[in-house]
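Report on the structure given below.
Residue numbers (this note's numbering): 680 to 774.
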């Protein structure tokens, strides 16, 4: 398994793919991240074509167990970010 791509490497790859400079690619990446974050925080979902769908799901209050002590405690309701991978991406990885 290869190492994860860093942000700098990702920006450089996007700049090459777009045929532009790294500053423009970094700005585009930051703008996309900001839009996705704002939409998910507002309770919406974002579909990234060819990659997948990012959404937020509410989880109810529930009982959890502390593995160190065995004590059962109540965990407050919270939200969880979910990513559903697009079929095109799955097929390209497994094909």
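C-beta: ideal position from N, C-alpha, C; glycine also. As the structure is a computational prediction, the values presented were derived from the model and not from experiment.
Hey, would you say residue i sits closer than 8 Å to residue j, going by beta carbons?
i: residue 762; j: residue 731; result: yes
i: residue 697; j: residue 704; result: yes
i: residue 738; j: residue 756; result: yes
i: residue 751; j: residue 742; result: yes
When the Cα of residue i is compared with those of the options, which residue comes out closest?
i: residue 716; options: 747, 735, 691; result: 735
i: residue 691; options: 769, 706, 681; result: 706
i: residue 764; options: 714, 683, 729; result: 729
i: residue 760; options: 701, 721, 771; result: 721
Spatial neighbours of residue i within its chain, please: CB distance less than 8 Å, with the 5 preceding and 5 following residues excluded, ordered by chain position.
i: residue 723; result: 734, 735
i: residue 768; result: 729, 730, 731
i: residue 719; result: 725, 733, 734, 735, 760
i: residue 701; result: 690, 691, 694
Please name the residue or residues paired with residue i in a DSSP beta bridge.
i: residue 743; result: 752
i: residue 757; result: 738
i: residue 762; result: 733
Could you pull out every residue in the same chain whose Cβ sits closer than 6 Å to the Cβ of residue i, ignoring the five residues on either side in sequence?
i: residue 744; result: 751
Alpha helix (DSSP H) runs contained entirely in the region 686-741, provided each spans 4 or more residues: 686-697, 701-720
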